[in-house]
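Beneath this line is the structure, given in structure tokens, with notes to follow.
Protein chains: 2
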Amino acid sequence: MIGPVHHVGVAVRSLREALGDYRRLGLEPDLTEDVPSQGVRVAFLRAGAVRIELLESLKADGVIARFIERRGEGFHHLALATEEIRTEMTRLKQAGFELVDAEPRRGSQGRLVAFVHPRSLHGVLLELVEEPPKPTGRTQRD
Amino acid sequence: MIGPVHHVGVAVRSLREALGDYRRLGLEPDLTEDVPSQGVRVAFLRAGAVRIELLESLKADGVIARFIERRGEGFHHLALATEEIRTEMTRLKQAGFELVDAEPRRGSQGRLVAFVHPRSLHGVLLELVEEPPKPTGRTQRD
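In structure tokens:
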């Protein structure tokens with residue numbers, strides 16, 4: 000099953016400058032991390048149940064650098080949580096969606112992620128993020 | 000204070016076609032509405048605490064039609080909730096953000112909304128949505 004919105008990804012030229020502006024807006028980062036496998040440095044801003052992920056390219060020819068060259072800074076992807084990413088990838092492929100990744104890869108904080116091509120979803124680049132179900136806080140002994 | 004993410008707005012050519020694809024993805028609309036003041040028909044898809052708003056233009060020269068002509072279908076805006084929109088607009092203006100609206104206007108479901116120009120926020124068109132604080136479910140008599 001495809002789950003709740005996990006985060007919204009935004010491509011920026013400079014994480015430092017963008018963070019300054021988002022701070023003035025009233026949002027603070029709660030995590031900054033390099034994700035070398037994707038050639039990016041990211042910062043997550045907490046905004047309720049959902050986070051805003053700011054992405055800066057670590058290299059001149061990285062995917063985020065090329066995105067900004069083509070489209071300018073701005074919205075890059077929408078991430079939805081899913082409990083079993085491989086099952087979901089198979090289901091979406093069978094439903095006719097074009098997957099960017101044949102296999103899940105490691106994203107921020109070691110989570111398994113995979114992308115659906117924006118051609119398949121009216122211009123929206125969709126990221127699936129595997130999130131194990133949260134414990135409910137109750138056990139059978141409660 | 001600026002609040003949690005309220006919704007993510009996505010511009011589409013045809014609401015009917017987009018809804019079909021989002022249904023295949025696993026997301027169902029819980030509200031469809033014409034917002035003539037903004038020249039759009041919208042559908043909200045529930046995805047956890049946040050909703051995805053699909054926007055179709057009601058007229059050929061509407062703001063969403065022109066956006067799609069320029070940029071193609073895809074991400075249009077990010078909406079953050081705020082309890083007092085006028086206070087927040089004043090604060091953001093004083094902090095140097097460029098507001099699109101001098102006064103709040105009525106958006107979907109009659110809520111007061113106002114936009115911050117993407118020039119002010121690294122390519123992100125920001126919508127403020129006034130949402131009164133939710134009752135906590137407790138009263139002083141509990």
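Sequence lines, in order, name chains A and B.
For the first sequence, numbering that gives the first Met the number 0 assigns the number 0 to the initial residue and increments by one for each residue that follows.
For the second sequence, numbering that gives the first Met the number 0 assigns the number 0 to the initial residue and increments by one for each residue that follows.
Even for Gly, the Cβ is constructed at its ideal location relative to N, Cα and C.
Source: prediction; values computed, not measured.
Residue 43 of chain A is outside the set of residues whose beta carbon lies under 8 Å from a beta carbon in chain B. Restricting attention to beta strand (DSSP E) runs no shorter than 3 residues, the segment 93-130 of chain B encloses them at 111-115, 125-129, ordered along the chain.
In the three-state reduction of the DSSP assignment, residue 35 of chain A falls in the helix class.
When secondary structure is reduced to three states using DSSP, residue 57 of chain B falls in the coil class, being assigned neither helix nor strand.
Contacts between residue 1 of chain B and chain A, judged by CB atoms closer than 9 Å, involve 24, 25, 26, 46 in chain order. In the DSSP secondary-structure assignment, residue 28 of chain B is bridged to B:44. When rounded, the separation of the alpha-carbon atoms in residue 80 of chain B and residue 96 of chain A is 32 Å. By the Cβ rule, the segment 27-42 of chain A counts as touching the segment 102-110 of chain A, because three or more pairs are nearer than 8 Å. Taken through DSSP and simplified to helix, strand or coil, residue 90 of chain A comes out as helix. Proximity of the segment 82-90 of chain A to the segment 110-117 of chain A meets the contact definition, three or more beta-carbon pairs being nearer than 8 Å. Nearest CB-CB separation between residue 38 of chain B and chain A: not below the 8 Å threshold. In chain A, no part has a C-beta under 9 Å from the C-beta of residue 55 of chain B; the shortest such distance is about 11 Å.
Taking 8 Å as the cut-off, the Cβ atoms of residue 52 of chain A and residue 7 of chain A count as close. Non-local C-beta neighbours of residue 78 of chain A in its own chain, meaning closer than 6 Å and more than five positions away in sequence, comprise 5, 6, 126, 128, ordered along the chain. Look at residue 20 of chain A: its C-beta is under 8 Å from a C-beta on chain B. A distance below 7 Å between beta-carbons, with the five flanking residues on each side excluded, links residue 124 of chain B to the following residues of its chain, in chain order: 75, 76, 114, 117. At a cut-off of 8 Å between C-beta atoms, residue 72 of chain B counts as an interface residue with respect to chain A. With respect to residue 10 of chain A, residue 68 of chain A sits apart: the two C-beta atoms are not nearer than 8 Å. Annotated as distal: residue 20 of chain A and residue 43 of chain A, with beta-carbon spacing of 8 Å or more.
In this structure, residue 70 of chain B lies away from residue 57 of chain B, with their beta-carbon atoms at least 8 Å apart. Within the segment 105-131 of chain B, 115, 117, 119, 120, 121, 122, 123, 124, 125 place their CB atoms closer than 9 Å to a CB of chain A, listed in sequence order. Rounded to whole angstroms, the Cβ separation of residue 48 of chain B and residue 48 of chain A is 4 Å, and the two are in contact under 8 Å. Closer than 8 Å to the CB of residue 14 of chain B there is not a single CB belonging to chain A. Straight through space, the alpha carbons of residue 93 of chain A and residue 25 of chain A are spaced by roughly 42 Å. Inter-residue distance for residue 100 of chain A and residue 89 of chain A is about 11 Å (C-alpha atoms, whole angstroms). Contact with chain A is found for residue 9 of chain B, since one of that chain's Cβ atoms lies less than 8 Å from the residue's Cβ.
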